[in-house]
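Asks:
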Amino acid sequence: MLSLDIATTFRSILLPGQARAARMAEEDALHDLALDQVLSRMTENAPAAAEAFRTLCADTDQVVYRQEVFRALEREDLRGIVDRFLDRMARAGRYDTASATSRYRYEPELWHLSAVGCYVDAVTTLSGDLVREDAVRGAEGLRALSDYLVAFCATPEFAALAAEAEACRKLVDGLRYNILVRGARVTVADVDGEEDLRAEVLATFARFRTADGPPVSADAYDPGLDHVQAWVLEKVAQVHPAEFARLVRFAQTSRDYRDPTVDRFAGEVWFYLAVLDHLAPLRRAGLPVCYPVVSAESKDLDVRDTFDLALATRIVAGGGTVVPNDLRLTGGERILVVSGPNQGGKSTAARTFGQLHHLAAIGCPVPGSSARVFLCDQVLTEFEREEQLDDLEGRLGAEIVRMHGILESATGRTVLVLNEVFSSTALQDARTLTRDVLERILALDALAVCVTFIDELSRLDERTVSMVSAVDPHDPAVRTFRVERRVADGRAYARALAAVHGLTGEQIARRLAARREGEGDVR
Amino acid sequence: MRVRLMDPDRDFDVDAVEPGSADDLRRDLELDYLWDAMGGGDSFLRTVSRSAILHSVADAEVIRHRQAAFTDCVRNPDAVGELYALAIEALSVERGVLMMPVHGHHPEMSLSRAVRMLTALADRLERLRTLCAQFAPRFASRAFGDMFAVVAAELDDDYLRRLRALVKELGFVQGLLTSAALGRGGGVTGQVLRRGKRENRGLFDRTPLKRPMYSFTIPERDESGFTALGELRARGVMDVADAASQSVDHVMGFFRTLRVELGFLIAARNLQVALEAMGAPVCLPDVGGVRGCAARGLYDPCLALRAGRAPVGNDLDLSDGRLLVITGANHGGKSTFLRALGVAQLMMQAGIFAPGGRFAAPVVGQVLTHWTREEDAELRHGKLDEELSRMSALIDVVQPGDLVLCNESFASTNEAEGSQIAGDVTSALVRAGVRVRFVTHMYDFARAIADGEPGAEFLRAPRDPDGRRSYLLEPGPPLPTSFGVDLYDRVFGTTLARP
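From first to last, the protein sequence lines stand for chains A and B. Position 296 of the first sequence, counted from 1, bears residue number 296 in this note's numbering, the numbering being contiguous throughout. Heads up, this note's numbering is the position in the second sequence plus 1000, with the first residue counted as 1.
Pasting the structure below:
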């Protein structure tokens, strides 16, 4: 509706200027990296954000553009501003829907009035808040948005829309009328200063009140219209004709009130919020998250105290402790070969490696206390596919086909995550196949992580680096059930039994003390 | 309007969830005898008694508040009985009014129910005010005094008249008039119940509204229309209906609480009458009067009620009171005395009298018991294992300031092992600020306590020179022989105890 001639360059909060992002990641890869969990936070209400999460940035400028916005949105005050804006926009959207689907006379016009009021409030508040907000200055995308909004709000069209919406709202809110119900007959008239019977009853009963808090009331209750209320509404329009005429006129002149740029921002900003919301509980649990230094030239990887996003999310939710790791590839090193005992976190390390590169390449913060990451063109994954467990031959065949496809599409800028590849073949075959795959990767000069039980592959040449998962023998969570020879002790059995029940003197003292502390925390 | 006979700050909640230790307490202290006597055949009074005994009060002020109310009750049994009868009669009003599950969901129906209830309750409230005014001079406690004062202040003539008039108006004989505003979507919102103006009535059309007015009528077969109209009316009276229902709840709640709290006093009086009838003395405990514990003629009322006669009482003077170990002969009255201590503590902390001529003790948190259980011997877990897991459960709930009663705990293993565990547990509890009373025949354990716990105090079940038990305990350190020997001697006719 508003034909705007606004001299700003703002188009999208996701990409600077007219830039386009690069390549979309495969669904399989996102699933293997367990990033689809973060993605699912966006797909529902923000398709634009979900697309951005799947699409890798074409250059480091784009990465920086997003990192700046992320950093700004980490500030609580700015986050609050955006949250309130989105909340109002969502409400405006619900009112629009109500207006479009309503059936009774005057109902569409009333919902429309609410929608416009909410939208005007959302836009002007956001504009004013951003101008005053310091955090905006550090982010090119937000500066451009702020400039755009200021110019937009100053247009005469928008000002006129806002003024008339407010005037109509006041009129409608001020309307009062009486309803008298006698049997099936309903009579509507203007109010005439009748006595407040309710107040009298409430005052008289007040001394017998039982519940705390204000009395139950229908005041805040705003039901949808049924046909009886619709008839009442028509009669109210007869009691107050002038006000309703103005309302109808407003609805006709403001039908097409939305600005596409504002709407796009409201969708795209979910990209940032969803990622930050996903990271929030991890940060609260004390896990480090940082903005990686992303380079399109250097293939060095140097990440400290990093962890698997998906696993950490699960562990933190269960109240457990996450064990962080460092990942590093420097100089000519290209491939991490991970081996070691089972349950030692090998796959987790591989997933973390892939996550780091994907997250860094879409401009997101990454798990870790510090990070340098190469800007890759894609992250390709090869994980065991469970649905083919039954048919060994078919399974190996499919794996080889997939591996071929991956190596075909990989470039020198690609990151590959290979987890337990060829594990269903004989050792000698696996050794040969895996060695060949690794050599091809080295020939491409791509980056890779490879989880394998064939640890000699880590000694392929100076470009492969070995990592070994370890199980801590002192971890009390691991039970050994060892039987040891010992001198017999007559009281040993009872004491051991007491210890099993937590009833040695020391255990009791600790239990009581722990409870006291726990209670202290609660209070 | 509050009762507050049992606690100056809150109603007594007879339905409060019982502590997890309740069943052990009942079994170990044989509390059923106590509750039966308090109930006097009335299951309601028994329920109230059980709840009051199990929910120990840890606040000395509240205990004294109840003691004073109880004293008043003993002095004016007839007045208390009359108020109790009125409470029961008022509660029966509910049965006369059609009961439907309407509360809160259908404001108009709950309003009409509330109107009928309030009409009936107004008479009972008037009677309550009359009785309270009549009894007030005869009661001395703050508990009763405050209740009488509240009733007098809140139920004055003028108020009762106004209440009756409004309740009548809420019948809406002239139609239901509300003012309203428009919701966002045009719905009727912000309804306020109004009193129509007489002067707005027309000569022919008596509708009390300002002109012009516009009407419509719901067609006869328009069912959804009548539903919608019903909802419109319902929203118009929602808050009024809620206030009226709350008033009913409040008045009924008052009478319900009155029944519970008077019932408690009546039940305590029942117990006192039963005990005094068999010559067993009672006293009002001295709450927190001593640091340790002092008792004269302390006996187990449950045993008295079971046996139907007054048992031998014991004296006790603990100066420190943190740890008492009772040793000595089997069948020497140790367990009975331990029960007496527990029951007396519970009775004191329910705010009633205690068994014996004098009882003085500090207030404790929970009373917890750990009894050796013969009947559990056959369980899948070994007996010691079972004892240990019960003790572990006790450790899970025990707090500093609680009172733990142990009766031959850890006796299910040999004495060496049992002493080791008992010593560990006892020392840890005492160190954490828990008061412990331990009956044991394990000399090793008792000796270790005597050597290692400076504040520990000891009682002994002695034997008379002729080898017979006196059932009187006396202070004294543990002796190295179990008195089981002389029991053996008596049965076998041997003289092993006195070689």
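All C-beta atoms in this analysis are idealised placements derived from N, C-alpha and C, irrespective of residue type, glycine included. Nothing here was measured: the structure is a model prediction, and the numbers come from that model.
#1: Roughly how many whole angstroms lie between the Cα atoms of A/Asp147 and A/His357?
#2: When DSSP labels each residue in this structure, what does B/Val1325 get in the three-state scheme?
#3: For B/Ser1427 and B/Ala1448, what's the separation of their Cα atoms in angstroms?
#4: Taking the alpha carbon of B/Ile1352 as the reference point, which residue from B/Asp1024, B/Gln1067 and B/Arg1010 has its own alpha carbon closest?
#5: Counting Cβ pairs, one atom from each stretch, are 3 or more of them under 8 Å apart for the segment 1116-1131 of chain B and the segment 1298-1318 of chain B?
#6: Contact between the segment 285-299 of chain A and the segment 36-50 of chain A: three or more CB pairs below 8 Å?
#7: Could you tell me the alpha carbon to alpha carbon distance between B/Val1048 and B/Met1117, rounded to whole angstroms?
#8: Since A/Thr464 contacts A/Ile335 with CB under 8 Å, what's their CB separation in whole angstroms?
#9: Cβ atoms of A/Glu194 and B/Lys1197: under 8 Å apart, would you say?
#10: Would you say A/Lys235 reaches chain B, if we count a Cβ-Cβ gap shorter than 8 Å as a contact?
#11: Any idea if B/Glu1387 is buried or exposed, counting beta-carbon neighbours within 10 angstroms, 16 or more meaning buried?
#12: Starting from B/Arg1437 and walking both ways along the beta strand (DSSP E), at which residues does that stretch end?
#13: Taking CB distances under 8 Å as the criterion, tell me whether A/Asp489 reaches chain B.
#14: By the DSSP assignment, the beta strand (DSSP E) with B/Ile1088 in it spans what residues?
#15: Would A/Ile54 and A/Ala25 qualify as a contact pair, given that the criterion is a beta-carbon distance under 8 Å?
#16: Measuring only between beta-carbons, confirm whether A/Val232 sits less than 8 Å from chain B.
#17: Do the segment 275-289 of chain A and the segment 120-139 of chain A touch if we need at least three Cβ pairs shorter than 8 Å?
#18: Does the beta carbon of A/Phe307 come closer than 8 Å to any beta carbon on chain B?
#19: Can you say whether A/Gly490 is buried or exposed, counting buried as having 16 or more other CB atoms within 10 angstroms of its CB?
#20: Under 7 Å between beta-carbons, which chain A residues line up against B/Ala1432? List them in chain order, please.
#21: Tell whether a beta-carbon distance below 8 Å holds between A/Cys153 and A/Ser114.
#22: Cβ of B/Ala1294 within 8 Å of Cβ of B/Ala1360?
#23: Which residues, taken in chain order from the segment 1212-1227 of chain B, show a beta carbon closer than 9 Å to some beta carbon of chain A?
#24: With 8 Å as the threshold, decide whether the Cβ of A/Ala358 is near any Cβ in chain B.
#25: Given A/Met467, which residues of its chain have a CB within under 6 Å of its CB, disregarding the five upstream and five downstream residues?
#26: Return the residues of the segment 70-93 of chain A that lie within a Cβ-Cβ distance of less than 7 Å from chain B, sorted by chain order.
#27: In terms of residues, what are the limits of the alpha helix (DSSP H) holding A/Cys118?
#28: Identify the contact partners of B/Asp1385 in chain A, using a Cβ-Cβ distance below 7 Å as the criterion.
#29: Nearest-angstrom Cα distance between B/Leu1284 and A/Leu197?
#30: Decide if A/Glu439 is buried, meaning its Cβ has at least 16 other Cβ atoms within 10 Å, or exposed.
#31: With a 10 Å radius around its C-beta and 16 neighbouring C-beta atoms as the bar for buried, classify B/Met1278 as buried or exposed.
#32: Determine which residues of the segment 270-286 of chain A have a Cβ less than 8 Å from any Cβ of chain B, and write them out in chain order.
#33: Could you tell me which whole alpha helix (DSSP H) segments of length 4 or greater appear in the segment 17-53 of chain A?
#34: Tell me where the alpha helix (DSSP H) around B/Met1348 begins and ends.
#35: Could you confirm whether any beta carbon from chain A is found closer than 8 Å to the beta carbon of B/Ser1112?
#36: Check whether the Cβ of A/Tyr257 lies closer than 8 Å to any Cβ atom in chain B.
Replies: Let me lay it out:
#1: Within the first sequence, the letter at position 147 stands for residue 147 of chain A. Within the first sequence, the letter at position 357 stands for residue 357 of chain A. So the two alpha carbons sit approximately 33 Å from each other.
#2: Walking along the second sequence from the start, residue 1325 of chain B turns up at place 325. DSSP places B/Val1325 in strand when its eight states are reduced to three.
#3: The residue you call residue 1427 of chain B lines up with position 427 of the second sequence. The residue you call residue 1448 of chain B lines up with position 448 of the second sequence. Going from the Cα of B/Ser1427 to the Cα of B/Ala1448 covers about 10 Å.
#4: In the second sequence, the residue the question calls residue 1352 of chain B occupies position 352. When only C-alpha atoms are compared, the closest one is B/Gln1067.
#5: no
#6: no
#7: In the second sequence, the residue the question calls residue 1048 of chain B occupies position 48. In the second sequence, the residue the question calls residue 1117 of chain B occupies position 117. Their Cα atoms are separated by approximately 26 Å.
#8: Locating residue 464 of chain A in the first sequence gives position 464, counting from the first residue. Locating residue 335 of chain A in the first sequence gives position 335, counting from the first residue. Between A/Ile335 and A/Thr464 the Cβ distance is about 5 Å, and since that is below 8 Å, they are a contact.
#9: Taking the second sequence and counting its residues from 1, the one referred to as residue 1197 of chain B is at position 197. Taking the first sequence and counting its residues from 1, the one referred to as residue 194 of chain A is at position 194. Against a cut-off of 8 Å, the Cβ pair of A/Glu194 and B/Lys1197 comes out as a contact.
#10: Stepping through the first sequence from its first residue, residue 235 of chain A is reached at position 235. Output row for A/Lys235: interface = yes.
#11: Counting from one through the second sequence, the residue named residue 1387 of chain B turns up at place 387. By the 10 Å Cβ count, B/Glu1387 comes out buried.
#12: One-based indexing of the second sequence puts residue 1437 of chain B at position 437. Per DSSP, B/Arg1437 belongs to the beta strand (DSSP E) from Arg1435 to Val1439.
#13: Working through the first sequence from its first residue, we reach residue 489 of chain A at position 489. Unreliable positioning characterises A/Asp489 in this predicted model, as indicated by a pLDDT of 44, which lies under 50. The coordinate reading is nonetheless provided below. For A/Asp489, the answer is no, since every Cβ of chain B falls outside 8 Å of its Cβ.
#14: Within the second sequence, residue 1088 of chain B is the residue found at index 88, counting from 1. First-last for B/Ile1088: Pro1077 to Leu1091, but that is the alpha helix (DSSP H), not the beta strand (DSSP E).
#15: To locate residue 54 of chain A, count along the first sequence from 1; it is residue 54. To locate residue 25 of chain A, count along the first sequence from 1; it is residue 25. First, the residue type needs correcting, since residue 54 of chain A is Arg and not Ile in the sequence shown. Yes, these two residues count as a Cβ contact at 8 Å.
#16: Here residue 232 of chain A refers to the residue found at position 232 of the first sequence. Yes, because at least one Cβ of chain B sits closer than 8 Å to the Cβ of A/Val232.
#17: no
#18: Here residue 307 of chain A refers to the residue found at position 307 when the first sequence is read from its first residue. Closer than 8 Å: no.
#19: Taking the first residue of the first sequence as position 1, residue 490 of chain A is located at position 490. Residue placement at A/Gly490 is flagged as unreliable, the pLDDT there being 43, under the threshold of 50; the coordinate-derived value follows with that caveat. So A/Gly490 counts as exposed.
#20: Counting from one through the second sequence, the residue named residue 1432 of chain B turns up at place 432. Neighbours of B/Ala1432 on chain A, chain order: Ala509 and Leu512.
#21: Here residue 153 of chain A refers to the residue found at position 153 of the first sequence. Here residue 114 of chain A refers to the residue found at position 114 of the first sequence. No, the pair does not count as a contact, with Cβ atoms beyond the cut-off.
#22: Counting from one through the second sequence, the residue named residue 1294 of chain B turns up at place 294. Counting from one through the second sequence, the residue named residue 1360 of chain B turns up at place 360. Yes, Cβ-Cβ distance for B/Ala1294 and B/Ala1360 is below 8 Å.
#23: Pro1212, Met1213, Tyr1214, Ser1215, Phe1216, Thr1217, Ile1218, Pro1219, Glu1220, Asp1222, Ser1224, Gly1225, Phe1226 and Thr1227
#24: The residue you call residue 358 of chain A lines up with position 358 of the first sequence. According to the sequence as given, residue 358 of chain A is His; it is not Ala. Chain B contact via Cβ: absent.
#25: Start at 1 with the first residue of the first sequence, and residue 467 of chain A comes out as number 467. Leu336 and Val338.
#26: none
#27: Taking the first sequence and counting its residues from 1, one reaches residue 118 of chain A at position 118. Note, A/Cys118: alpha helix (DSSP H), Glu107 to Arg132.
#28: As a working mapping, residue 1385 of chain B is identified with position 385 in the second sequence. The contacting residues are Leu497.
#29: Counting from 1 along the second sequence, the entry for residue 1284 of chain B is found at position 284. Counting from 1 along the first sequence, the entry for residue 197 of chain A is found at position 197. Between B/Leu1284 and A/Leu197, the C-alpha separation is close to 53 Å.
#30: Counting from 1 along the first sequence, the entry for residue 439 of chain A is found at position 439. Per the 10 Å Cβ criterion, exposed.
#31: As a first step, residue 1278 of chain B must be located in the second sequence, where it is residue number 278. Answer is exposed; the Cβ neighbour count stays below 16.
#32: none
#33: 27-32 and 36-43
#34: Residue numbering aside, residue 1348 of chain B sits at position 348 when the second sequence is read from its first letter. Lys1334 to Ala1350 is the span of the alpha helix (DSSP H), which, as asked, contains B/Met1348.
#35: On the second sequence, residue 1112 of chain B is found 112 positions in, with the first residue counted as 1. Chain A contact via Cβ: absent.
#36: Residue numbering aside, residue 257 of chain A sits at position 257 when the first sequence is read from its first letter. Cβ-Cβ to chain B under 8 Å: no for A/Tyr257.
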